[in-house]
Amino acid sequence: MSHHKITWLNQPGFTGETLNPIRAERVEGWEHEQGLLGTHCEKCSPGCTNCYAEAMNRRCLPGGGTGLPYTPWSRNKVQIYLDEEKLNRPFRWKKARCIFWCSMTDLFGEWVPDGMIERCLEVMCNTPEHRHIILTKRPHKAHGWDCGQGWLLASASTQTEMITRSWDLLGAAAGVTGLSIEPLLTSGIIPVERLTEFDWVLVGCESGPRRRPCELAWVRSLVEQCHEVGVACFVKQVSINGRVSRDPAEWPEDIRVQEFPG
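Encoded structure:
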């Protein structure tokens, strides 16, 4: 079985996969820029500052890109569309996949029409042989949607976001709920009355040439908070001697934690 670079996608019995059916076509710009295909998103918090997806989209890499930054200003320069071929891939995959939906954008972004959200959720509900995972920085918008047995995590990077987004996620209709605290930018305490309602917490430092500090003590604290209330925790990557390490063998033993719910 292939090993995905997003380590939490490498779950037993599944092949890791990313899927981005919410696409953007550039409709404004110089003649050579019009028609470029990529994605659109809009930064909304400190964790977005060094967004890898934005960097790829702006460079127009072989996988596609509109050449635009992830800002509200760009929204009127693109046409959001649903890529039917990508959307229907889960129906064609014979082996069970663990799918990270909309890894280059946010399914619940304000720019995504409700009809497109509905279509994506329908595919998830109609392909239960796969494991479907959604990360969103806008968990308040997930309310009113039925994610079925899908896994829905609110993304947070700071103490404030751990509080507000964990609150916004409570009550969302999904098989598994939790927090994705990556990049972890500050120490943080997840309110225990909210943490006990969740199933899974992802933790990781920032990567990339402009990465910001992440102390091992911050990671250790979150691991301990999860274990105190019996919530699965998965540490993706940490900062060791000034570099990003994805190898648990290099980490302090007490944070070598890569657990899945159930």
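Heads up: the sequence shown begins at 0 in numbering that gives the first Met the number 0, then just goes up one per residue. Positions of the beta carbon are idealized from the N, C-alpha and C atoms, including for glycine. Since the model is a prediction, treat every value here as computed from it, not as a measurement.
Review point. So what's G147 in DSSP terms, helix, strand or just coil?
Key: DSSP places G147 in coil when its eight states are reduced to three.
Exercise for review: Assign H142 to buried or exposed, taking buried as 16 or more other Cβ atoms, counted over all protein chains shown, within 10 Å of its Cβ.
Suggested key: Flag for H142 reads exposed.
Check your understanding: Helix or strand or just coil, what does DSSP make of S238?
Key -> strand
Point to revise | Spatial neighbours of E205 in its chain, beta-carbon cut-off 6 Å, leaving aside the 5 residues before and after | key: For E205, same chain residues with a beta-carbon under 6 Å away, outside a window of 5 residues either side, are P182 and R211 in chain order.
Exercise for review: Decide if T159 is buried, meaning its Cβ has at least 16 other Cβ atoms within 10 Å, or exposed.
Suggested key: When all chains shown are included, T159 counts as exposed.
Check your understanding: Where E121 and P127 are concerned, what is the direct C-alpha to C-alpha distance, given to the nearest angstrom?
Key -> 11 Å
**Study point:** Length-filtered (3 minimum) beta strand (DSSP E) runs lying within the segment 41 to 110
**Key:** 77 to 81 and 96 to 100
Point to revise | Residue span of the beta strand (DSSP E) that contains W199, given as start and end | key: W199 to G203
**Study point:** Segments of 4+ residues assigned as alpha helix (DSSP H) that fall wholly inside the segment 181 to 230
**Key:** 191 to 194 and 215 to 228
Exercise for review: Count the other CB atoms, across all protein chains shown, that sit within 10 Å of the CB of D253; report buried if there are 16 or more and exposed otherwise.
Suggested key: exposed
Exercise for review: Please go through the same chain and pick out, in chain order, the residues whose beta-carbon is closer than 6 Å to the beta-carbon of S154, but skip the five residues on each side of it.
Suggested key: L134, K136 and S179
Review point. Closest to E24 by CA distance: which of P89, G177, R118 and N56 is it?
Key: Of the listed residues, the one whose Cα sits closest to E24 is N56.
Practice item. Hey, could you find the ends of the alpha helix (DSSP H) T126 is sitting in? Key: Premise fails: T126 is in no alpha helix (DSSP H) and is neither H nor E.
Review point. C50: which of P260, P251 and G207 sits nearest, CA to CA?
Key: G207
Point to revise | Closest residue to G149 among R96, H139 and R164 (Cα-Cα distance) | key: With distances taken between CA atoms, G149 lies nearest to R96 out of R96, H139 and R164.
Check your understanding: What whole-angstrom Cβ distance do W199 and A172 have, given they're in contact under 8 Å?
Key -> About 16 Å; that fails the 8 Å criterion.
Check your understanding: Three or more C-beta pairs closer than 8 Å, one from the segment 34 to 54 and one from the segment 89 to 109: is that the case here?
Key -> yes
Exercise for review: For the alpha helix (DSSP H) holding E160, just list the boundary residues, first then last.
Suggested key: E160 -> alpha helix (DSSP H) spans Q158 to L168.
Point to revise | Residue from W217, R219, N240 and R22 whose Cα sits closest to the Cα of V111 | key: R22
Practice item. Assign I132 to one of two classes, buried (16 or more other C-beta atoms within 10 Å of its C-beta) or exposed (fewer than that). Key: Using a 10 angstroms sphere on the CB of I132, the tally of other CB atoms reaches 16 or more, which defines it as buried.
Review point. Does the Cβ-Cβ distance between N19 and K94 come in under 8 Å?
Key: no
Exercise for review: Would you kindly report the start and end of the unbroken beta strand (DSSP E) that includes H131?
Suggested key: Here the beta strand (DSSP E) through H131 covers R130 to T135.
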